[in-house]
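Residue numbers for the sequence shown follow the working numbering, so the first one is 32 and each next one is one higher.
No residue lacks a Cβ here, since even glycine has one placed at the ideal position from N, Cα and C.
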Amino acid sequence: MCPSRGSDGKLVFKIVYWGASLSGKTTAVKWMFDKEGMAKGKMQSIVDPTGRTLFFDRMTAGVGGVSLQVYTVAGQKRHKFQRKTILNGVDAIIFVWDAQEDQTEENLWSLDELIGHLAGDLGKKIPFLVQLNKVDLPNLISKTKVEEYLKEKGLGTIVSPHGIELPTQIYDTIAIQGKNIKRSFQQVARDAVLKYYLSLKRA
32 MCPSRGSDGK LVFKIVYWGA SLSGKTTAVK WMFDKEGMAK GKMQSIVDPT GRTLFFDRMT
92 AGVGGVSLQV YTVAGQKRHK FQRKTILNGV DAIIFVWDAQ EDQTEENLWS LDELIGHLAG
152 DLGKKIPFLV QLNKVDLPNL ISKTKVEEYL KEKGLGTIVS PHGIELPTQI YDTIAIQGKN
212 IKRSFQQVAR DAVLKYYLSL KRA
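Put into structure tokens, the structure is as follows:
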């Protein structure tokens, strides 16, 4: 993928949080905005009266000489067109997997939809990792089981910016407490930026 350029000339990388409804996407982004102070400007959200995302949340963060535009998608199944639109020009994906075992079917549905949109680019051209969220709750799916599902979907491994095949990273997260939220975001953002600059060297 190729980042865009902002009006200030900085490269702009687009990072999308993807996952089923109520998996914790918005909570994760809000943590970085409210608690970590990573954002510049205001966080923009379009939500319904219950607080569910209707279209997207957006946050812009500045790191060195680049900008990171962070989006979440509305997880409800009826918003499939909006989700597809948000993926235009995406440079990295964080998949937020609801760790509650009874949400497995919803997680897999969301993952299948993502794979359908990005085909073979996910994890190869587009950096990808998983936040296994809500690990503080009871009745959880195991990380091993999530790894098995990823392998079944062809996402058991990713290609690093240096071209090395590695296991897909799965971070245990608690979005409401910020556990591993910043760390996993920094990882995928670093991979997106590094992949782009290394591709220029190879060209």
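*State buried or exposed for S173, treating a residue as buried only when at least 16 other CB atoms are found within 10 Å of its CB.*
Working through the sequence shown from its first residue, we reach residue 173 at position 142. So S173 counts as exposed.
_Integer-rounded CB distance, given that I46 should sit under 8 Å from D122_ = Locating residue 122 in the sequence shown gives position 91, where the first residue counts as 1. Locating residue 46 in the sequence shown gives position 15, where the first residue counts as 1. Rounded, the Cβ-Cβ distance is 7 Å, consistent with contact.
*Report the partner residues of N164 according to the DSSP bridge assignment.*
Residue numbering aside, residue 164 sits at position 133 when the sequence shown is read from its first letter. Answer by DSSP bridge pairing, in chain order: D129, T204.
*Consult DSSP for E67 and reduce its assignment to one of helix, strand or coil.*
As a first step, residue 67 is located in the sequence shown; it is residue number 36 there, counting from the start. In the structure shown, E67 sits in coil (DSSP, three-state: anything other than H, G, I, E or B).
_Can you tell me which residues form a DSSP beta bridge with K210?_
For the purposes of this step, residue 210 is taken as the residue at position 179 of the sequence shown. Answer is I205, bridged to K210.
*Would you decide whether Q208 is buried or exposed? Buried here means 16 or more other CB atoms lie within 10 Å of its CB.*
Translated into the one-based positions of the sequence shown, residue 208 becomes position 177. By the neighbour-count criterion, in which 16 or more other beta carbons inside 10 Å mark a residue as buried, Q208 falls on the exposed side.
*asked:* Less than 7 Å between the C-beta atoms of K213 and E67, yes or no?
replied: In the sequence shown, counting from the first residue as 1, residue 213 sits at position 182. In the sequence shown, counting from the first residue as 1, residue 67 sits at position 36. The Cβ atoms of K213 and E67 sit closer than 7 Å to each other.
*When the Cα of P169 is compared with those of D152, R36, D133, D222, which residue comes out closest?*
On the sequence shown, position 138 is the one that residue 169 refers to. Ranking the options by Cα distance to P169, first place goes to D133.
_Per-residue burial, G50 [other beta carbons within 10 Å of its own, 16 or more giving buried]_ = In the sequence shown, the residue the question calls residue 50 occupies position 19. G50 comes out buried.
_Just to confirm, is the Cβ distance from G37 to S98 under 7 Å?_
Looking up residue 37 in the sequence shown gives position 6. Looking up residue 98 in the sequence shown gives position 67. Yes.
_Span separating the alpha-carbon of S35 from that of G96_ = On the sequence shown, position 4 is the one that residue 35 refers to. On the sequence shown, position 65 is the one that residue 96 refers to. Near 13 Å, if we compare the C-alpha coordinates of G96 and S35.
*Which first and last residues belong to the beta strand (DSSP E) in which V177 is found?*
The residue you call residue 177 lines up with position 146 of the sequence shown. V177 -> not in any beta strand (DSSP E); alpha helix (DSSP H) instead, spanning 174-183.
_Tell me the residue span of the alpha helix (DSSP H) that contains L197._
Taking the sequence shown and counting its residues from 1, one reaches residue 197 at position 166. Counting along the chain, L197 falls outside any alpha helix (DSSP H), though it belongs to the beta strand (DSSP E) covering 196-198.
*At which residues does the alpha helix (DSSP H) containing I146 begin and terminate?*
Here the question's residue 146 lines up with position 115 in the sequence shown. Counting along the chain, the unbroken alpha helix (DSSP H) around I146 starts and ends at 135-149.
*Between which two residues does the alpha helix (DSSP H) harbouring P117 extend?*
Locating residue 117 in the sequence shown gives position 86, where the first residue counts as 1. Note that residue 117 corresponds to Ile in the displayed sequence, not to Pro. I117 -> alpha helix (DSSP H) spans 111-117.
*Buried/exposed call for G151, threshold 16 Cβ in 10 Å*: Your numbering for residue 151 matches position 120 in the sequence shown. By the 10 Å Cβ count, G151 comes out exposed.
*asked:* Taking the alpha-carbon of K165 as reference, which of Q131, N119, L118 has the nearest alpha-carbon?
replied: As a working mapping, residue 165 is identified with position 134 in the sequence shown. Nearest C-alpha to K165: Q131.
*asked:* When you compare the CB positions of G55 and A206, do they come within less than 7 Å of one another, or not?
replied: What you label residue 55 is simply residue 24 of the sequence shown in a count that begins at 1. What you label residue 206 is simply residue 175 of the sequence shown in a count that begins at 1. A contact, by the Cβ cut-off of 7 Å.
*asked:* On a Cα-Cα basis, can you pick out the residue from T199, Y102, W62, Q107 that is closest to N138?
replied: Sequence index remark: in the sequence shown, residue 138 carries index 107 (1-based). Among T199, Y102, W62, Q107, the Cα nearest to that of N138 is on Q107.
_Rounded separation between D222 and E136 - CA only_ = Locating residue 222 in the sequence shown gives position 191, where the first residue counts as 1. Locating residue 136 in the sequence shown gives position 105, where the first residue counts as 1. Distance between the alpha carbons of D222 and E136 is about 29 Å.
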